[in-house]
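S.K.:
In full-length UniProt numbering, the protein residues as written are 1 to 500.
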């Protein structure tokens, strides 16, 4: 594309998919007199922030079941749509270690009580038939590369204080065995040609104690996690063939971030083994967005990675074609990426029309892609294209750059949180978790036109703009090094501008 021209990719409530046009910077001399009086954005690539790692999703047993319900041709199209050069090019995959709530049964890789030497450790049918086939096809299709994050929901029941898959603590005498179990998992997958970029220390180990979900779960407070990390996980991983794997902690809700991170990273011996924080978006609000900035300021050497989001829930059903669901993600993506987050993962990469299947049919969620099991076909939802703007047009290695606007930030309309943040901010007790977040949506829709700007490895620039309003908006976009252009933005639309 010649300099002073741009590609414009648009997705809207009325126009799903990607509509592509070409535009031209109309004036290469930027002055205050040639900027419109409407919404304006100024892009300044001289001011840089975090480097992005990409977008992705979880490959659960349920996702594998739905994937297997497709024909071989549909499987190829599915994989190309998500991971291929002609698709939206996901670069992250969250891989559960054994069972989750989106498994059809509870299982671990060693269900023999007291087998501390893990002589009976084995992968299961689910790994070979539900997870690995999709992972391998995704790896083969990806030109950008695929970063896999291994995530345990729970250890084997016999290692836990309740001898059950549900929420309970890990016996301290099994810290070494639990670590060996994880290393054996990496060895087993490596023998099958699959290697990992990251390891989560556990899924929702705090929230699970406060909201007793019907799913496999491990509880671990900061004091136990510190001891496990510095005496077992950290040294053993570093001494293994998997020493380059990045350890990610928390893997839970943002309201817990200040309390948890300060409790864990106050121990320098434990902190040296942890590379970053993983967060879920379910209780994100404007009241706790500053936690991301504060965490980055306090721990600039630790990255922030979002590892789970989803729509719907208990007793709800999939809303095929829902633009409203997509807007909840869009607002959250702008909010998090503008506050130091390096990557973002959805939960199940694909589900059926009932939002499952799940263990005991206990939970129903939505997904960017839905499989019609009867017909063996899949549907791309608006959410697929919403995530696609951020995964396709911001490649790994891209760097966020400064973008400013003439809009008043008070135009935003958000849900508020009821005092939980003050409790978390003031809590220094590492033995008692703060109270649970009240039920609420992902960040409520904005009424302000939002923007995110990056400079990319191929020397291009990307500006993503979201118009949440019911009427079209004319915006003036100015890049100090290129020029400016005016663009009419459709109502309820997500727009990506790419230029050199």
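Idealized CB from N, CA, C, for every residue including glycine.
1) According to the neighbour-count rule (16 or more other Cβ atoms, all chains shown, within 10 Å of its Cβ), is residue 418 buried or exposed?
2) Between the Cα of residue 161 and the Cα atoms of 218, 265, 150 and 151, which residue gives the shortest distance?
3) Classify residue 125 as helix, strand or coil using the three-state DSSP reduction.
4) Rounding to the nearest angstrom, what Cα-Cα distance links residue 155 and residue 405 in this structure?
5) Based on Cα-Cα distance, which residue from 201, 308 and 183 lies nearest to residue 195?
6) Count the other C-beta atoms from every protein chain shown that fall within 10 angstroms of the C-beta of residue 501, then say buried if there are 16 or more, exposed otherwise.
7) How long is the line joining the alpha carbons of residue 281 and residue 348, rounded to whole angstroms?
8) Classify residue 216: buried if its beta carbon has 16 or more other beta carbons within 10 angstroms, exposed otherwise.
9) Let me check understanding here. Comparing Cα to Cα, which of 56, 339 and 210 lies closest to residue 146?
10) Going by C-alpha to C-alpha distance, which of 202, 373 and 45 sits closest to residue 222?
11) Touching or not, the segment 371–388 and the segment 326–339, by the rule of three or more beta carbon pairs under 8 Å?
12) From the DSSP output, read off the bridge partner residues of residue 499.
13) Taking 8 Å as the limit between beta carbons, can you name the residues of its chain near residue 64, skipping five residues before and five after?
14) Under 8 Å, do residue 464 and residue 390 count as touching if we go by C-beta distance?
15) Once the 5 residues before and after residue 176 are set aside, which same chain residues still bring their CB inside 7 Å of it?
16) Would you be able to state if there are at least three C-beta pairs under 8 Å between the segment 334–341 and the segment 232–249?
17) Quick test of the definition: if touching needs 3 or more C-beta pairs under 8 Å, does the segment 476–488 touch the segment 14–26?
18) If you run the structure through DSSP and keep just helix, strand and coil, what is residue 369?
19) Taking only three categories from DSSP, how would you classify residue 411?
20) Hey, how far is the Cα of residue 118 from the Cα of residue 181?
21) Quick one: what's got a C-beta closer than 6 Å to residue 169's C-beta in the same chain, skipping five residues either side?
22) What number of angstroms, rounded off, separates the C-alpha of residue 535 from the C-alpha of residue 91?
23) Are the segment 272–279 and the segment 301–310 touching by the rule of at least three beta carbon pairs closer than 8 Å?
24) Kindly indicate the opening and closing residues of the alpha helix (DSSP H) around residue 140.
25) State the DSSP-derived secondary structure class of residue 176, mapped to helix, strand or coil.
26) Starting from the C-beta of residue 366, find all residues in its chain whose C-beta is less than 8 Å away, skip the five residues before and the five after it, and write them out in chain order.
27) Assign residue 454 to one of two classes, buried (16 or more other C-beta atoms within 10 Å of its C-beta) or exposed (fewer than that).
28) I'd like the span of the beta strand (DSSP E) that includes residue 49, first residue to last.
29) Report the rounded CA-to-CA distance for residue 421 versus residue 287, giving the unit in angstroms.
30) What three-state label does DSSP hand residue 201 in the structure shown?
31) Would residue 51 and residue 376 be called neighbours here (beta carbons separated by less than 8 Å)?
32) Quick check on residue 118: does DSSP put it in helix, strand or coil?
33) Under DSSP, the beta strand (DSSP E) around residue 399 begins and ends at which residues?
34) Please list the terminal residues of the continuous alpha helix (DSSP H) segment that includes residue 389.
35) Tell me whether residue 151 sits in a helix, a strand or coil according to DSSP, three-state version.
36) How big is the Cα-Cα spacing for residue 472 and residue 19?
M.R.: Per the coordinate set shown:
1) Because the pLDDT of residue 418 is 31, which lies under 50, any placement of that residue in the model is unreliable, and the number read from its coordinates should be weighed accordingly. Using a 10 angstroms sphere on the CB of residue 418, the tally of other CB atoms stays under 16, which defines it as exposed.
2) Checked all of 218, 265, 150 and 151; the closest Cα to residue 161 is 218.
3) The answer is helix: DSSP assigns residue 125 an H, G or I state.
4) If you take the alpha carbons of residue 155 and residue 405, they lie about 49 Å apart.
5) Taking only the C-alpha atoms, the option nearest residue 195 is 183.
6) There is no way to answer for residue 501, as the model of the chain reaches only from 1 to 500.
7) In this structure, the alpha-carbon of residue 281 lies about 14 Å from that of residue 348.
8) Result: buried.
9) When only C-alpha atoms are compared, the closest one is 56.
10) Cα-wise, what sits closest to residue 222 is 202.
11) Judged by Cβ distances under 8 Å, the segment 371–388 makes contact with the segment 326–339, as three or more pairs qualify.
12) By DSSP's assignment, residue 499 forms a beta bridge with 6 and 461.
13) Here residue 64 has 126, 129, 130, 131, 133 and 134 as same chain residues with Cβ atoms under 8 Å from its own Cβ, once five neighbours each way along the sequence are excluded.
14) A contact, by the Cβ cut-off of 8 Å.
15) Its chain contains 232 as the residues whose beta carbon lies nearer than 7 Å to that of residue 176, once the 5 sequence neighbours on both sides are disregarded; these appear in chain order.
16) Inter-segment contact for the segment 232–249 and the segment 334–341 is absent: fewer than three beta-carbon pairs are separated by less than 8 Å.
17) Short answer: they touch.
18) Note: residue 369 maps to strand in three-state DSSP.
19) With a pLDDT of 38 at residue 411, under the threshold of 50, the modelled position of this residue cannot be trusted, and the question is left open.
20) Here the C-alpha atom of residue 118 lies approximately 7 Å from the C-alpha atom of residue 181.
21) The residues are 161 and 219.
22) Missing from the structure shown is residue 535; the chain here goes from 1 to 500 and no further.
23) At 8 Å Cβ cutoff, the stretches touch.
24) Residue 140 -> alpha helix (DSSP H) spans 132–141.
25) Residue 176 falls in the helix class under three-state DSSP.
26) Correct list, in chain order: 310, 311, 312, 318, 319, 322, 325, 351, 355, 381 and 383.
27) It counts as buried.
28) Where residue 49 is concerned, the enclosing beta strand (DSSP E) stretches over 39–51.
29) With a pLDDT of 39 at residue 421, under the threshold of 50, the modelled position of that residue is not reliable, and the figure given next carries that caveat. Looking at the backbone, the Cα of residue 421 and that of residue 287 are separated by about 7 Å.
30) DSSP places residue 201 in coil when its eight states are reduced to three.
31) With a cutoff of 8 Å on beta-carbon distance, residue 51 and residue 376 are scored as not near each other.
32) Looking at residue 118 - three-state DSSP - the assignment turns out to be coil, as it is neither helix nor strand.
33) That run of the beta strand (DSSP E) goes 399–405.
34) First-last of the alpha helix (DSSP H) with residue 389: 382–392.
35) Residue 151 sits in a strand when the DSSP states are folded into three classes.
36) Near 16 Å, if we compare the C-alpha coordinates of residue 19 and residue 472.
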